[in-house]
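Residue numbers (the numbering used here): 2 to 370.
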């Protein structure tokens, strides 16, 4: 058995191996104590069964994330399926019989930097899409922005993957972008009559490549940097926030994944000091419309609501909602399966994330038009 993690978003450390079993650990994020994301490749013998244990699972950032969780696997890096897994309050274990000689295992289906670059390159070919580089990350990578529509129109902002291990966020952003650029989509054409979209498909390219769960290369949790971002340690937020202040914001969605809750849901800005009836009405309308459009979304399960005036303004949607008085939501998707509509083969998947992204356009249209 040979195990490798030395590639884009790779993360695993080998403790010990024998002919058919490996004990593994997940390493921490760069300059940070967060850990939960893993992604590695195993080469073995076709037809043989191998077993794996992540022995530091109990020490990871979100232990509840391992409950009823199943590892994702792929032979080609394109089609991902679930492998039955078990958590005993100490380690996460799973077995797999190899149909081919090499297989990838990951916390969720990865979204590579190469795919990100291709998404940007393809999008800019549309006549109504402009690619802008807002600035550079800690390690000097582009902070890519797609401007879709006429910049004289009302601005809607979409950000994804502040937490790099939450790859479902970029799969969701891809679905939204491609639907928005579809010239045959009446929803897109209608929205772009009134709105211009500013989309950042990957807020954290450095962390994504490094195989981090929540941090950038400097160890910053970007979704706690919005009140006072730093050019040195959180330039990713700094550059996006600067551009938002130039354009204004009429509506905002920040796309994420949640380790523990097996549902799709939103977090709103009810705890903001300036929370208004208008914002409450927009939040309710958006949730009502999205739930009618896409049954993967629900409103029964989610985060506890913030007390009035006690929202954390370091968080993106709270800062945006407070500064622009607009619809500002964090959308969460599961790492596990969606408990309301389970799929034992794939669990929550890139495909479902992609389709949810398409649904968001219709919900935004029905809410803001």
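Heads up, the beta-carbon is just placed ideally off N, CA and C, and yes, glycines get one too.
Let me confirm a value: residue i is counted as buried when at least 16 other C-beta atoms fall within 10 Å, else exposed. Which label applies?
| i | result |
| --- | --- |
| residue 3 | exposed |
| residue 275 | exposed |
| residue 176 | buried |
| residue 269 | buried |
| residue 60 | exposed |
| residue 302 | exposed |
| residue 19 | exposed |
| residue 304 | exposed |
| residue 184 | exposed |
| residue 212 | buried |
| residue 249 | exposed |
| residue 37 | buried |
| residue 263 | buried |
| residue 139 | buried |
| residue 277 | exposed |
| residue 7 | exposed |
| residue 90 | exposed |
| residue 293 | exposed |
Quick check: the Cα distance between residue i and residue j, rounded to an integer number of angstroms?
| i | j | result |
| --- | --- | --- |
| residue 195 | residue 154 | 6 Å |
| residue 97 | residue 40 | 15 Å |
| residue 179 | residue 257 | 19 Å |
| residue 335 | residue 260 | 6 Å |
| residue 273 | residue 137 | 30 Å |
| residue 47 | residue 77 | 15 Å |
| residue 348 | residue 356 | 14 Å |
| residue 279 | residue 324 | 14 Å |
| residue 358 | residue 56 | 35 Å |
| residue 281 | residue 361 | 18 Å |
| residue 64 | residue 224 | 20 Å |
| residue 69 | residue 87 | 8 Å |
| residue 354 | residue 208 | 21 Å |
| residue 332 | residue 126 | 28 Å |
| residue 244 | residue 29 | 32 Å |
| residue 313 | residue 10 | 29 Å |
| residue 151 | residue 197 | 6 Å |
| residue 285 | residue 67 | 32 Å |
| residue 165 | residue 338 | 19 Å |
| residue 79 | residue 21 | 26 Å |
| residue 296 | residue 168 | 21 Å |
| residue 119 | residue 112 | 11 Å |
| residue 206 | residue 174 | 14 Å |
| residue 14 | residue 232 | 32 Å |
| residue 133 | residue 340 | 39 Å |
| residue 326 | residue 170 | 24 Å |
| residue 128 | residue 99 | 46 Å |
By Cβ distance below 6 Å, which residues in the same chain neighbour residue i in space, the five residues on each side in sequence not counted?
| i | result |
| --- | --- |
| residue 291 | 298 and 364 |
| residue 351 | 110 and 172 |
| residue 234 | 219 and 221 |
| residue 300 | 288 |
| residue 117 | 203 |
| residue 246 | none |
| residue 108 | 38 and 39 |
With the cut-off set at 8 Å, would you say residue i and residue j are in Cβ contact?
| i | j | result |
| --- | --- | --- |
| residue 122 | residue 182 | no |
| residue 267 | residue 288 | yes |
| residue 103 | residue 44 | yes |
| residue 369 | residue 254 | no |
| residue 62 | residue 106 | no |
| residue 42 | residue 5 | yes |
| residue 71 | residue 58 | no |
| residue 371 | residue 101 | In the structure as shown, the chain starts at 2 and stops at 370, and residue 371 therefore has no counterpart that could be examined. |
| residue 156 | residue 251 | yes |
Grab me the residues of residue i's own chain with a C-beta within less than 7 Å of its C-beta, minus the 5 sequence neighbours each way, in chain order.
| i | result |
| --- | --- |
| residue 366 | 188, 191 and 192 |
| residue 16 | 24, 25, 26 and 56 |
| residue 240 | 135, 136 and 144 |
| residue 283 | 328 and 368 |
| residue 322 | 270, 273, 280 and 329 |
| residue 242 | 227 and 230 |
| residue 186 | 180 |
Give me, in chain order, the residues of the same chain whose beta-carbon lies closer than 8 Å to that of residue i; leave out the 5 immediate sequence neighbours on both sides.
| i | result |
| --- | --- |
| residue 32 | 216, 218, 219 and 220 |
| residue 82 | 73, 74, 75, 346 and 347 |
| residue 130 | 124, 147, 148, 149 and 182 |
Hey, is residue i close to the ligand NAP, as in C-beta under 7 Å from one of its heavy atoms?
| i | result |
| --- | --- |
| residue 144 | Ligands displayed in this structure: none; no statement on the ligand NAP is therefore possible. |
Inter-stretch contact at 8 Å, needing at least 3 Cβ pairs: the region 317-327 / the region 37-57:
no
Meets three-Cβ-pair contact criterion under 8 Å: the region 134-145 and the region 302-313
Contact between the region 134-145 and the region 302-313 is absent: fewer than three C-beta pairs spanning the two stretches fall below 8 Å.
Between the region 217-228 and the region 343-354, do three or more beta carbon pairs fall short of 8 Å?
no
Check whether the region 198-212 and the region 159-167 are in contact - that is, three or more C-beta pairs closer than 8 Å.
yes
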